[in-house]
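Each position in the sequence shown, counted from 1, maps to that position plus 1066 in our numbering. Think of the CB as a built atom: it goes at the ideal place given N, C-alpha and C, for glycine as much as any other residue. Owing to the predicted nature of the structure, the values given are computational and were not obtained by experimental measurement. Here is the structure we will look at.
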Amino acid sequence: MWGRLSVDDVRAAAMVGLGELAATGCTTASDHHYLVPGGDDEVFDAIVDAAHEVGIRLYLSRGSMDLGESRGGLPPDHVVEDIDAILASTESVISRHHDGEMVHVVVAPCSPFSVTTDLMVQSAELARRHGLRLHTHLCETVEEQAHCLERFGRRPVEMLDEWGWVGDDVWLAHGIHIDDDEMTVLGAAGTGIAHCPSSNARIAAGMCRVTDLQAAGCPVGLGVDGVASNEVGGLFPELRQALYTARLRELRPDALMPVDVVDMATRGGAGCLGLDDVGRLEPGSRADLAVWPGDDLGDIADPLAGLVLGPNRSARHVLVGGNPVVTDGEVNGIDLSAAHTELARRSRRLWEGT
């Protein structure tokens, strides 16, 4: 199925994914895309086009895979790329799209299951030549730990350090299976974690030690992961699940409070992306603003708890850099309902192979 993915399919998916995020109040998002069928990197142009139409600030994570099944990797051979082609394409995507304002390109090999050591090392070198950030999946499952020990003789964070991937210009998706010593290393470096609580629960990957990571010095933001492990692409299920998961893991009802998960979704996410002028309302920050209705029953006693723990809701208004992206509950740049219909049509075609 992956090999049948087209540029227009990617555009349709990005339109819905980014549109749903904007509709629920998100102003800045990273899209980690690592499927490049036939080496056609116009898929990244399509994601940027969608972000422009929606009006959201985009961290375009140029994902990559160069280790197929025949060489011990996870992905089918027909969807992996050659390392030289990946690096050349990444340079091209940077020159085409990185403006440091509304589009930030990120260098983002997929995961230890799907890339070579050479790609990880050379990706870090490329990113730092351009002053860009690095991103990958890491420490998501116990199977990943076993794979790394068998293949490299080391745990994932040890490998990451050897590859030059521990730093404050790096954030990792998931970050579940990290021990105390590894947490100290990552925290001292300021390496960020994108916490994906709904996905983690859905696939039974484990429970992230969020408060320990924060105490160690890691910025922790929120992620939805992707539709393969999360049917919802909006903000509120992740806020709620992050709070519930932390309380369950620590057996403390005050492990995370509503204000803590809102901070994670704002300043925490900004910290992962290296942004110090979004995620807060104060002089000198960018004019990013989300306004939600506060007329639900749960909002009366504690509006913040009502927002986080109450029913899912759409934002009433959203500004990104002062520009109106959502007005009166509607995404201004796209017809989100029509985008859903188009994506469903394309998804059906991919599943049925027609």
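Helix, strand or coil, according to DSSP, for residue i in the structure here?
i            : result
residue 1394 : coil
residue 1175 : strand
residue 1151 : helix
residue 1386 : strand
residue 1098 : strand
residue 1239 : strand
residue 1134 : coil
residue 1169 : strand
residue 1300 : coil
residue 1078 : helix
residue 1103 : helix
residue 1366 : coil
residue 1295 : coil
residue 1351 : coil
residue 1340 : coil
residue 1180 : coil
residue 1208 : helix
residue 1379 : coil
residue 1361 : coil
residue 1269 : coil
residue 1140 : coil
residue 1334 : helix
Over what stretch of residues does the alpha helix (DSSP H) that includes residue i continue unbroken?
i            : result
residue 1259 : Counting along the chain, residue 1259 falls outside any alpha helix (DSSP H), though it belongs to the beta strand (DSSP E) covering 1258-1261.
residue 1406 : 1402-1418
residue 1223 : 1222-1228
residue 1326 : 1324-1329
residue 1249 : 1246-1255
residue 1421 : Nothing about residue 1421 can be read from this structure; the chain reaches only from 1067 to 1420.
residue 1109 : 1108-1120
In the DSSP assignment, the beta strand (DSSP E) including residue i goes from what residue to what residue?
i            : result
residue 1318 : Taken as a continuous stretch (DSSP letters only), residue 1318 belongs to no beta strand (DSSP E), as it is neither H nor E.
residue 1129 : 1123-1130
residue 1196 : No beta strand (DSSP E) holds residue 1196; the alpha helix (DSSP H) holding it covers 1183-1196.
residue 1357 : 1355-1357
residue 1200 : 1199-1204
residue 1071 : First-last for residue 1071: undefined, no H or E at that position.
residue 1276 : It is not in any beta strand (DSSP E) - residue 1276 instead sits in the alpha helix (DSSP H) that spans 1276-1282.
residue 1372 : That residue, residue 1372, is in no beta strand (DSSP E); its alpha helix (DSSP H) goes 1369-1375.
residue 1286 : 1286-1288
Round the Cβ separation of residue i and residue j to the nearest angstrom and send it over; I've been treating them as touching at under 8 Å.
i            : j            : result
residue 1108 : residue 1073 : 5 Å
residue 1120 : residue 1391 : 7 Å
residue 1206 : residue 1240 : 4 Å
residue 1288 : residue 1312 : Rounded, the Cβ-Cβ distance is 12 Å, inconsistent with contact.
residue 1237 : residue 1260 : 6 Å
residue 1165 : residue 1146 : Actually they do not touch by this definition, with Cβ atoms about 29 Å apart.
residue 1242 : residue 1273 : 7 Å
residue 1201 : residue 1099 : That belief does not hold up - the Cβ atoms of residue 1201 and residue 1099 are roughly 11 Å apart, past 8 Å.
residue 1203 : residue 1160 : That belief does not hold up - the Cβ atoms of residue 1203 and residue 1160 are roughly 21 Å apart, past 8 Å.
Tell whether a beta-carbon distance below 8 Å holds between residue i and residue j.
i            : j            : result
residue 1371 : residue 1319 : no
residue 1305 : residue 1328 : yes
residue 1339 : residue 1199 : yes
residue 1251 : residue 1234 : no
residue 1071 : residue 1103 : yes
residue 1223 : residue 1248 : yes
residue 1358 : residue 1336 : no
residue 1215 : residue 1179 : no
residue 1181 : residue 1114 : no
residue 1116 : residue 1084 : yes
residue 1152 : residue 1177 : no
residue 1268 : residue 1295 : yes
residue 1095 : residue 1122 : yes
residue 1134 : residue 1187 : no
In chain order, what residues of the same chain lie with their CB nearer than 6 Å to the CB of residue i, ignoring the 5 residues before and after it?
i            : result
residue 1385 : 1353 and 1355
residue 1332 : 1345
residue 1154 : none
residue 1322 : 1309 and 1312
residue 1376 : 1362 and 1364
residue 1397 : 1085, 1088 and 1089
residue 1388 : 1353
Can you find the residues in the same chain that come closer than 7 Å, C-beta to C-beta, to residue i, ignoring five residues on each side of it along the sequence?
i            : result
residue 1255 : 1232, 1233 and 1234
residue 1136 : 1143
residue 1278 : 1249
Check whether the Cβ of residue i lies closer than 7 Å to any heavy atom of the ligand MG, and answer yes or no.
i            : result
residue 1164 : In the structure shown, the ligand MG is absent, as is every other ligand, since no ligand is present at all.
For residue i, which residues in the same chain have their Cβ closer than 8 Å to its Cβ, ignoring the five residues on either side in sequence?
i            : result
residue 1112 : 1073, 1074, 1076, 1077 and 1080
residue 1342 : 1336
residue 1366 : 1372
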